[in-house]
Structures are given as structure tokens and as C-alpha cells.
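Sequential numbering of the sequence shown, starting at 1, is according to full-length UniProt numbering. In this text, a Cβ means the ideal position worked out from N, Cα and C, and glycines have one as well.
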Amino acid sequence: MRRELLLEKIETYKAVMPWYVLDYYQSKLAVPYSFTTLYEYLKEYKRFFDWLMDADLTQAPKIADIDLSTLEHLTKKDLEAFVLYLRERPSLNTYSTKEGLSQTTINRTLSALSSLYKYLTEEVENDQGEPYFYRNVMKKVSTKKKKETLASRAENIKQKLFLGDETLAFLDYVDKEYEQKLSNRAKSSFRKNKERDLAIIALLLASGVRLSEAVNLDLKDVNLNMMIIEVIRKGGKRDSVNVAGFAKGYLESYLAVRQRRYKAEKQDLAFFLTEYRGVPNRMDASSIEKMVGKYSEDFKIRVTPHKLRHTLATRLYDATKSQVLVSHQLGHSSTQVTDLYTHIVNDEQKNALDNL
């Protein structure tokens, strides 16, 4: 979604929210949470408030009038009824199924509500320096997580990684072979964005940054002499990220055409740009996801930018055998999250032994 459209949608949701949700929004914007995250959270709050009104758990005539005492006095049974409602209701805008929302979506909804309740009961301060209320019912609501061993996750994910020579082979394919299958009209569009698209893919494969971190990169954040980029990690922490040398040529090629091709002016700070009707804009997450999916599907298998992050992490662990180094590269504070990559690499080692 384009940044301008995203901000418009955010304002639409903010216009119907209670004052304390607007306070929450401002507080998280200062962290900073990304606009994408805040947009998703606002959608979840509207879903929840709509349900409160439908279930007669508030006498408020509209969402903006739902007061704090309503949230304070909701019971565990009330929240469990909301979860059942989510599980049994059809997905929005979906007419092909009568099934309820997926567990992943339900968990996302509960995560958004947990964040709001934590803010209201722990983080915010009223005039007396106290939170708005103390009872956090969300602490009593359990979420169901998918049970899967690391070995099982590794087995499922390894087919979607571009390991070994496939990392550079993927870039070479986009660079030299992809357009051969295109019509003349499609070739024109491809060539316009070729350097940019290659730069994005190369950066993801060479640094392992999250999609949101790549989207939010500004020109000032990229140092090609040192091959370091500055990003805002989850939780608003600024971090310096090393970038593998193989990405340098792709990034330089993009920078050589960025200003002319995307009509960029000095005020256009975003590193990765798109251009529509002569107006440059920051390239959004949805467009990058579609772009990566398109090229990867034609090369081998459709993957997301997050799988390119997994690819970098696996290759880095394979080369160093250091979970600490991989954790630092990915911006994790613990090595626990990197256990997955040891299983993927161990499986690769087993395959190599079997071929001896």
C-alpha cells in the first residue's frame, strides 16, 4: 500500500476511535511503531469495538463514545466470547467460505488488544501519575500457538531458501534472463525498475533486514563506502547493519539512475522510490512483497522478503557457526531465535555426508 494511501486509511480509522486509542496511537508513534503496524492495530480495535456494541457490552451509541470503564470491567468470559466470535465468523470480504478467521489472525487481534491494555494499565500516566486503570483482563486470555519442532520448521522452510550458489544465481536470473520471457510492453516496465528491483533483492539477501526496515531506509542511512546501513529495529532501536559486498554493485547501479528515473528531488528522502504520474513516492511494503514474489516464482519458488532474511541468516550461520553473530546481524537480543538456522544447516551437512 502506498504511504499516502496508508496514511489516509489511518486517519479514517482514527476519526472513529475513542480518545484513549488516539492517545495510544500518539504514544506508539513516538516509539516509533511503523505506520503499517499502527494501521493493522487500528483495524483490530475497530473490529473489537464493533463487537462490543453488537454484543451489548456497551451502551455507547458509537465507537468514539466507548468509555474506559467498559474496557476495565470486561471479564475473561467476555474476551473468550470475542475469541469464539472470531473463530466462527466468516472472514471479511470473503464469500467463498463460511469458516472463521485463522488462528494466526486471531492471535494478531489478541496481540493488538494486549498492547492497548498494557498501555492503559501500565504505561500511560494521568494527572496523578497513575495509569487509567489497573485491571488487565488480557493477561488472563490465552493464545493458541502452532505446535511445531525446530526440526519440522527447518524442514518446511529450507525449500524456500536460496542457499549456496542460488543466492547469486537468483540475482543473475533477474538481471539477465527474466526479461527474455516478457512481451515488449512488459519489457519496458521491467527495464524501468530493473536496477531498483535488483538493489532491493540484493540488499535483503546481503543484510537480512526486515521488510519494514528496507521500506523505511532513507538516502542518509546508506553508506556504500563502509557497506553499512542504519535502520530502526523493532521497539524503535536504531541499529547499524553490515551489508555483504556482493550487493554493492546493485546498489550503486540503482543510485546512478534513482534521481533521473524517479524524478527525485532533494526533499525525496526515501532510498527506494516508485514514480506515478511524475510524482516520486517511497516504495511500500506491499509492492516489494509482490515484486519479490514475482521474480522468485519465475526463478524457483514464490517466496516472501522474510524468506530472503532467513536465507541470509542460514548462510551466515553456515559460514561462521556463530549464533551470536547471526543474532546481531538480524537485530535479535537473544540467540534463541536463531536456533532454527542450526537445524537447517545441520540438515545440509547431513545431506553432504550422505553424498560422500
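- Nearest to Asn107 by alpha-carbon distance, out of Asn225, Tyr41, Leu340, is Tyr41.
- Distance check between Thr143 and each of Pro131, Arg135, Ala112 places Ala112 closest, using alpha-carbon atoms only.
- Nearest to Glu213 by alpha-carbon distance, out of Asp284, Ser327, Val326, Arg191, is Asp284.
- Relative to Val137, the option among Ala202, Arg282, Thr75, Leu101 whose CA is nearest is Thr75.
- Counting along the chain, no beta strand (DSSP E) covers Pro131, and no H or E run does either.
- Per the C-alpha coordinates, the member of Glu130, Lys234, Leu120, Val243 positioned closest to Tyr33 is Lys234.
- In this structure, Leu182 keeps its C-beta atom at 9 angstroms or more from the C-beta atom of Tyr20.
- The continuous alpha helix (DSSP H) containing Leu204 extends over residues 184-207.
- About 17 angstroms separates the beta carbon of Gly208 from that of Gln336, a gap too long to meet the 8 angstroms contact definition.
- In the same chain as Glu195, and ignoring 5 residues on each side of it, the C-beta atoms closer than 6 angstroms to its own belong to Ser253, Tyr254, Val257, in chain order.
- Secondary structure at Glu125: coil, using DSSP grouped into helix, strand and coil.
- Per the DSSP secondary-structure output, Pro280 pairs in a beta bridge with Glu275.
- Residue nearest to Ile66 within the set Ala186, Glu80, Ala81, Phe48 is Phe48 (criterion: CA-CA distance).
- Measuring C-alpha to C-alpha distances from Tyr262 to each of Gly249, Val279, Lys248, Ala247 identifies Val279 as the nearest.
- For Asn107, the enclosing alpha helix (DSSP H) covers residues 103-118.
- A direct Cα-Cα distance of roughly 24 angstroms separates Val231 from Thr320.
- In this structure, Thr342 is the residue among Thr274, Lys290, Thr342 with its C-alpha nearest to the C-alpha of Arg315.
- Of the candidates Asp54, Tyr317, Asn225, Glu177, Glu177 places its Cα closest to the Cα of Tyr295.
- Counted as a single uninterrupted DSSP element, the beta strand (DSSP E) harbouring Ser240 occupies residues 238-242.
- Val222 is bridged by DSSP to Ile229.
- By the Cβ neighbour-count rule, Ala313 is buried, with 16 or more other Cβ atoms within 10 Å of its own.
- If you draw a straight line from the Cα of Ser188 to the Cα of Glu275, it comes to about 15 angstroms.
- DSSP places Ala270 within a strand segment (E or B) once states are collapsed to three.
- Assigned with DSSP and collapsed to three states, Leu251 falls in helix.
- Going by DSSP, Gly293 is part of the alpha helix (DSSP H) stretching over 285-299.
- Around the beta carbon of Val324, fewer than 16 other beta carbons sit within 10 angstroms, so the residue counts as exposed.
- Where His328 is concerned, the enclosing alpha helix (DSSP H) starts and stops at 323-330.
- Distance between Val141 and Gln259, taken at the CA atoms: about 51 angstroms.
- DSSP places Leu163 outside both helix and strand once states are collapsed to three, so it counts as coil.
- Residue environment analysis places Phe272 among the buried positions, since at least 16 neighbouring C-beta atoms fall within 10 angstroms of its C-beta.
- Judged by their CB atoms, Ala199 and Leu251 are nearer to each other than the 9 angstroms cut-off.
- Contact between Val243 and Ile228 holds: their C-beta atoms lie close to 7 angstroms from each other, under 8 angstroms.
- Inclusion of Val303 and Lys118 in the CB contact set at 9 angstroms is not warranted, their separation being larger than that value.
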